[in-house]
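Each remark here refers to the structure printed beneath this line.
In our numbering, the protein residues as written are 517 to 743.
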């Protein structure tokens, strides 16, 4: 009889890899959630639009004053560019994002009765809202099984081996959705982002301290010395 192999990347099926990932995060990060601070769907949508190519820390430092002055789309839509811009000038691409917020709030009032829609197809109609932003809003607010793929999710999924030859965010999204149980998709979005933000960082990932190294393709192929 051949000896059974120990649990390890080389001998795991894709299902076993995902099962390991889910079990790990259910134990170590069961309450994972977005680090953006918000009180309602409009605030979350605004914060996510602003967060493109910008840190959550910067956004959380910016939005209190913004939300105090413009708490609803009805009020924000009546702002001028010169009134809104100073409140978000510290974020990346403030010119475009000012235009996006004004357009977004105006469309919410005119086409959605001032309410943030909860479907991806409707959300992407709003200025400044792409598929990633729509997936974030629907998964965070409504716990819909939508997977937003940012640079962290893309990097972590590739390194661990959760995806195979996925060259685009959409391809990554499709593979993750295919293999993740539906009830965990909205949580997995946060698991992967936070793991990429604090452990599987872009430069010098903290592999030896990572609880997922057992199933990680990057860890195995880079011959990292185990502690």
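Ideal placement from N, C-alpha and C gives every residue a C-beta, glycine not left out.
Asked, Found
"Helix, strand or coil at residue 632 according to DSSP, with G and I counted as helix", "coil"
"Residue 557 versus residue 644 - alpha carbon distance", "15 Å"
"As assigned by DSSP and simplified to three states, the class of residue 548", "coil"
"Contact check, residue 712 vs residue 668, beta carbons under 9 Å", "yes"
"Residue 617 versus residue 565 - alpha carbon distance", "8 Å"
"Span of the alpha helix (DSSP H), counted from its first residue to its last, around residue 647", "647-658"
"Residue 629 to residue 552 span [Cα, whole Å]", "25 Å"
"Coil, strand or helix - residue 593 by DSSP", "coil"
"Contact under 9 Å by Cβ, residue 694 with residue 661", "no"
"Closest by C-alpha distance to residue 656, when choosing among 543, 539 and 547", "547"
"Exposed unless 16 or more other CB atoms sit within 10 angstroms - verdict on residue 653", "buried"
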